[in-house]
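Note that the sequence shown covers residues 382 to 742 in our numbering.
Positions of the beta carbon are idealized from the N, C-alpha and C atoms, including for glycine.
All of these numbers come straight from a predicted model, not from anything done at the bench.
Let me begin by presenting the structure, written as C-alpha cells, before commenting on it.
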Amino acid sequence: MKLKHNVRLVASHFQIHGAFQEAEPYGSGHINDTYCAIVDQAGTPVRYIFQRINHNIFKNPVALLENIQRVTAHLAGKANEDVDFSRRALTLVATRTGEAYYRDGEGNYWRCYLFIERARTYDAVESPEQAFQAAKAFGQFQKMLADLPVPRMHDTIPDFHHTPKRFADLEKAIEANQANRMSLAAAEIDFALKRKSICSVLLEANLPERVTHNDTKFNNVMLDDATGEGICVIDLDTVMPGLALYDFGDMVRTTTSPAKEDERDLSEVTMQFPMFEALVRGYLSSAGEFLTPAEKKFLAFSGKLITFEIGLRFLTDYLAGDTYFKVHRDGHNLDRCRTQFKLVESIEQQEKAMNKLVESV
Ligand code: ADP
Ligand code: GN1
Ligand code: MG
Numbered sequence: 382m383k384l385k386h387n388v389r390l391v392a393s394h395f396q397i398h399g400a401f402q403e404a405e406p407y408g409s410g411h412i413n414d415t416y417c418a419i420v421d422q423a424g425t426p427v428r429y430i431f432q433r434i435n436h437n438i439f440k441n442p443v444a445l446l447e448n449i450q451r452v453t454a455h456l457a458g459k460a461n462e463d464v465d466f467s468r469r470a471l472t473l474v475a476t477r478t479g480e481a482y483y484r485d486g487e488g489n490y491w492r493c494y495l496f497i498e499r500a501r502t503y504d505a506v507e508s509p510e511q512a513f514q515a516a517k518a519f520g521q522f523q524k525m526l527a528d529l530p531v532p533r534m535h536d537t538i539p540d541f542h543h544t545p546k547r548f549a550d551l552e553k554a555i556e557a558n559q560a561n562r563m564s565l566a567a568a569e570i571d572f573a574l575k576r577k578s579i580c581s582v583l584l585e586a587n588l589p590e591r592v593t594h595n596d597t598k599f600n601n602v603m604l605d606d607a608t609g610e611g612i613c614v615i616d617l618d619t620v621m622p623g624l625a626l627y628d629f630g631d632m633v634r635t636t637t638s639p640a641k642e643d644e645r646d647l648s649e650v651t652m653q654f655p656m657f658e659a660l661v662r663g664y665l666s667s668a669g670e671f672l673t674p675a676e677k678k679f680l681a682f683s684g685k686l687i688t689f690e691i692g693l694r695f696l697t698d699y700l701a702g703d704t705y706f707k708v709h710r711d712g713h714n715l716d717r718c719r720t721q722f723k724l725v726e727s728i729e730q731q732e733k734a735m736n737k738l739v740e741s742v
C-alpha cells in the first residue's frame, strides 16, 4: 500500500536497531497521522508507533513534546519498580541526534513510541468492567501527575475546554455559514442555542487547576489483553493544566453509550446507567482521595457539559466546512454532532439519578 508519508525514511532518523520492514496507518484518531511500523531486530519483528503531529492544530510542537517528555519521564520514574513498567507509560524513542522529535523536509514533526504489546484500545465500550478499568486508569494518571515539579505545563491548545469560547465559535460559524450548510443543521443549531446557559457552570465553580489529560476518550487508554486492566494512558498531546472534571466528563461522553461516536442510528445512543456507575466507582477508586467535594458534586454534570462541548465542536466544524477533524464521509461531522446531542438528552433525562448515585458512592 502506498502511504501518505515515507515512514521508512522517518524511522531511519530514530534510534532504532534492525531492518525496517513495513508500516501501515494505525488507529482511528481524528487529529494526528499514526503509523505502526515493524522492524526486524535480530530475527524478532518489533513494532513501533510513529506519529506525525498535526501542526495546524498544535501550533507549537516543540513545547508539546517538552510536555510529553516531562510527563513520560515522571510516570516512568513512578513505575520503574514494576517489571512491566515499559507497558505502563509511553516511552519516547529519541532521534539519532538525541531529540524527542524529527522534523522532515516538509516541516512535519514526527515522534516515535515503543509499541505497547498485549493490550489494545476500543472505539466503543463493551462492558461495565471496561468502563471501570478505564476510569481507574485515568484517575491514576491524574494522581501520578499531581506532584509533577514546576514549571507549569505548556498549554498546547489554549482554552481547549473553555466551553463558553467553544459556544462563541459556534455562533461565529453560524454567522459566517462558510460551507452553506446551515439549513442542513437547523435542528442541531436550535438544540445548541437552547443550552447556552450551561457553558460557564464549571468555570464559575472555583475548582482547582490540576495537570489533566483533557482527551480521555475511551480509545485513549489501552486495556491489557489478559487482565482487562487499563494499563497505559496514551495520546498525551493535550496533557496540560485543566480541571479534573473535563477528564471525567469525557469518559462519560465516550464510555457510557454503546454506540460509536459517528453512529447514524441514533436509537443506539444512550447513557447506560451501569456504565456510569462503573465509571464513578473506577474513577473514585483512584482519584477519590484527592478530589474536593465541589469536584465530586459536578461529576454527572461534567459528563453532560463535555458531551455538549464536543457536540458544539463537531457542529462548528461541519458549518465551517470540515477543517479541523478528519472526516471520512459526507456529513461526518454532523453525524458526530448528532450522537453527542442525543447523548446530552439522555443524560438530561437521567441526571437526577446520576447525581444520587454519586452521592451514595
Ligand atoms: P490520535 O491523537 O490521532 O487519536 P493516538 O495517540 O490516540 O492518536 O493513537 C491512535 C491509536 O494508535 C490509538 O488509539 C492506539 O490504538 C494506537 N496507539 C497509539 N500509541 C500506541 C502505542 N504506544 N502502542 C500501541 N498502540 C498505540
Ligand atoms: C480529537 O485526537 P483524538 O481523536 O483522540 C480531539 C478531542 C475530541 C475528540 C473527539 C486535539 O481527539 O478534543 O474530544 O477528537 N483532539 C483535539 O473524538 O482536538
Ligand atoms: Mg487518540
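Requested in this report: Compute the minimum distance between the beta carbon of Lys-598 and the heavy atoms of the ligand MG, and state whether it is under 7 Å.
Outcome: Taking the first residue of the sequence shown as position 1, residue 598 is located at position 217. Yes, the Cβ of Lys-598 comes within 7 Å of a heavy atom of the ligand MG.
**Report entry** Cross-strand partners of Gly-611 (DSSP beta bridge)
**Finding:** Sequence index remark: in the sequence shown, residue 611 carries index 230 (1-based). Paired residue(s): Leu-604.
Query - Minimum C-alpha distance to Ser-467 - residue among Phe-496, Pro-674, Leu-588 and Asp-616 - result: Along the sequence shown, read from residue 1 onward, the residue named residue 467 stands at position 86. Cα-wise, what sits closest to Ser-467 is Phe-496.
Report task. State the DSSP-derived secondary structure class of Asp-528, mapped to helix, strand or coil. Result -> Translated into positions along the sequence shown, residue 528 becomes position 147. Reduced to three states, the DSSP call for Asp-528 is coil.
Requested in this report: Ignore the nearest five residues each way along the sequence and tell me which others in Ala-481's own chain have a CB closer than 6 Å to its CB.
Outcome: Looking up residue 481 in the sequence shown gives position 100. Contacts found: Leu-446, Gln-450 and Leu-473.
**Report entry** DSSP-derived helix/strand/coil call for Ala-418
**Finding:** Within the sequence shown, residue 418 is the residue found at index 37, counting from 1. Residue state, collapsed to three classes: strand.
Query raised in the report: Smallest Cα separation from Phe-722: which of Glu-590, Val-443, Lys-575 and Gly-663?
Result: Taking the sequence shown and counting its residues from 1, one reaches residue 722 at position 341. Out of Glu-590, Val-443, Lys-575 and Gly-663, Lys-575 has the C-alpha closest to the C-alpha of Phe-722.
Query raised in the report: What whole-angstrom Cβ distance do Tyr-503 and Phe-599 have, given they're in contact under 8 Å?
Result: Here residue 503 corresponds to residue number 122 of the sequence shown, with the count starting at 1. Here residue 599 corresponds to residue number 218 of the sequence shown, with the count starting at 1. Between Phe-599 and Tyr-503 the Cβ distance is about 6 Å, and since that is below 8 Å, they are a contact.
Query raised in the report: How do the region 556 to 565 and the region 581 to 598 stand: do at least 3 beta-carbon pairs fall below 8 Å, yes or no?
Result: no
Requested in this report: Compute the minimum distance between the beta carbon of Thr-636 and the heavy atoms of the ligand ADP, and state whether it is under 7 Å.
Outcome: Reading the sequence shown from its first residue, position 255 is the one you call residue 636. Checking the Cβ of Thr-636 against the ligand ADP gives no.
Report task. Check Phe-654 in the structure and name its three-state DSSP category. Result -> Along the sequence shown, read from residue 1 onward, the residue named residue 654 stands at position 273. If DSSP states are grouped into helix, strand and coil, Phe-654 belongs with the helices.
Query raised in the report: CB Arg-662 to CB Val-742, shorter than 8 Å?
Result: By 1-based counting over the sequence shown, the position of residue 662 is 281. By 1-based counting over the sequence shown, the position of residue 742 is 361. Yes; because the gap between Cβ atoms is below 8 Å, this pair is in contact.
Query raised in the report: Looking at C-alpha atoms only, which residue of Asp-618, Leu-526 and Phe-657 is the closest neighbour of Ala-460?
Result: Counting from 1 along the sequence shown, the entry for residue 460 is found at position 79. Of the listed residues, the one whose Cα sits closest to Ala-460 is Leu-526.
**Report entry** Residue ranges of each beta strand (DSSP E) within the region 468 to 535, 3 or longer
**Finding:** 490 to 495
Query raised in the report: Rounded C-beta distance between Phe-519 and Met-656? I'm assuming under 8 Å.
Result: Here residue 519 is taken as the residue at index 138 of the sequence shown, counted from 1. Here residue 656 is taken as the residue at index 275 of the sequence shown, counted from 1. Actually they do not touch by this definition, with Cβ atoms about 15 Å apart.
Report task. Compute every distance between the C-beta of Glu-610 and the non-hydrogen atoms of the ligand GN1, then say whether any falls below 7 Å. Result -> Working through the sequence shown from its first residue, we reach residue 610 at position 229. The answer is no for Glu-610.
Query - Residue interval of the alpha helix (DSSP H) (run including Tyr-627) - result: Within the sequence shown, residue 627 is the residue found at index 246, counting from 1. Tyr-627 -> alpha helix (DSSP H) spans 625 to 636.
Query raised in the report: Which first and last residues belong to the beta strand (DSSP E) in which Phe-431 is found?
Result: Stepping through the sequence shown from its first residue, residue 431 is reached at position 50. Where Phe-431 is concerned, the enclosing beta strand (DSSP E) stretches over 425 to 434.
Query raised in the report: Can we say the region 573 to 588 touches the region 525 to 544, given the rule of at least three CB pairs closer than 8 Å?
Result: yes
Query raised in the report: With DSSP run on the structure shown, which of helix, strand or coil describes Arg-591?
Result: On the sequence shown, residue 591 is found 210 positions in, with the first residue counted as 1. Reduced to three states, the DSSP call for Arg-591 is strand.
Query raised in the report: Mind checking whether the beta-carbon of Thr-720 lies closer than 7 Å to any heavy atom of the ligand GN1?
Result: Translated into positions along the sequence shown, residue 720 becomes position 339. No, Cβ of Thr-720 sits at least 7 Å from all heavy atoms of the ligand GN1.
Query - Phe-548: first and last residue of the uninterrupted alpha helix (DSSP H) it sits in - result: Here residue 548 refers to the residue found at position 167 when the sequence shown is read from its first residue. Per DSSP, Phe-548 belongs to the alpha helix (DSSP H) from 544 to 557.
**Report entry** Extent of the continuous alpha helix (DSSP H) run through Pro-674
**Finding:** Mapped onto the sequence shown, residue 674 falls at position 293. Residues 674 to 678.
Query raised in the report: Looking at the structure shown, is Pro-539 part of a helix, part of a strand, or coil, going by DSSP?
Result: As a working note, residue 539 is residue 158 in the sequence shown. Residue state, collapsed to three classes: coil.
Query raised in the report: Under the rule that 16 or more other beta-carbon atoms within 10 Å means buried, what is Glu-642, buried or exposed?
Result: For the purposes of this step, residue 642 is taken as the residue at position 261 of the sequence shown. When all chains shown are included, Glu-642 counts as buried.
Query raised in the report: Any heavy atom of the ligand MG within a distance shorter than 7 Å of the CB on Gly-712?
Result: As a working mapping, residue 712 is identified with position 331 in the sequence shown. No, Cβ of Gly-712 sits at least 7 Å from all heavy atoms of the ligand MG.
Query raised in the report: When you compare only the Cα positions, how much space is there between Asp-703 and Asp-463?
Result: The residue labelled residue 703 in the question sits at position 322 within the sequence shown. The residue labelled residue 463 in the question sits at position 82 within the sequence shown. If I take the Cα positions, the gap works out to 44 Å.
Report task. Taking Val-650 as the reference, give the member of Arg-719, Leu-626 and Ile-612 with the closest Cα. Result -> As a position in the sequence shown, residue 650 is number 269, starting the count at 1. The option with the nearest alpha carbon to Val-650 is Arg-719.
Report task. Could you tell me how far apart the beta carbons of Leu-660 and Ala-516 are, in whole angstroms, since I believe they sit closer than 8 Å? Result -> The count along the sequence shown starts at 1 and reaches residue 660 at position 279. The count along the sequence shown starts at 1 and reaches residue 516 at position 135. The Cβ separation is near 4 Å, so the contact holds.
**Report entry** Cβ neighbour criterion (16 or more within 10 Å) applied to Ser-508
**Finding:** If you number the sequence shown from 1, residue 508 lands on position 127. Label assigned to Ser-508: exposed.
Query raised in the report: Excluding the five sequence neighbours on either side, which residues of its own chain have a C-beta within less than 7 Å of the C-beta of Gln-731, listed in chain order?
Result: Looking up residue 731 in the sequence shown gives position 350. Answer for Gln-731: Met-652 and Phe-654, listed in chain order.
Query - Unbroken beta strand (DSSP E) run spanning Pro-406, endpoints - result: As a working note, residue 406 is residue 25 in the sequence shown. 400 to 406 is the span of the beta strand (DSSP E), which, as asked, contains Pro-406.
Query raised in the report: Measuring CB to CB, does Asp-605 end up less than 8 Å from Arg-499?
Result: In the sequence shown, the residue the question calls residue 605 occupies position 224. In the sequence shown, the residue the question calls residue 499 occupies position 118. Going by C-beta atoms, Asp-605 is nearer than 8 Å to Arg-499.
Requested in this report: Would you identify the three-state DSSP class for Phe-439, choosing helix, strand or coil?
Outcome: For the purposes of this step, residue 439 is identified with residue 58 of the sequence shown, where counting begins at 1. Three-state DSSP puts Phe-439 in coil, outside helix and strand.
Report task. For Pro-589, I'd like the list of residues in its chain whose CB is within less than 7 Å of its CB, leaving aside the five on either flank, ordered along the chain. Result -> One-based indexing of the sequence shown puts residue 589 at position 208. So the qualifying residues of the chain are Thr-673.
Query raised in the report: Is Ser-648 buried or exposed, if buried means 16 or more other CB atoms sit within 10 Å of its CB?
Result: Within the sequence shown, the letter at position 267 stands for residue 648. Exposed.
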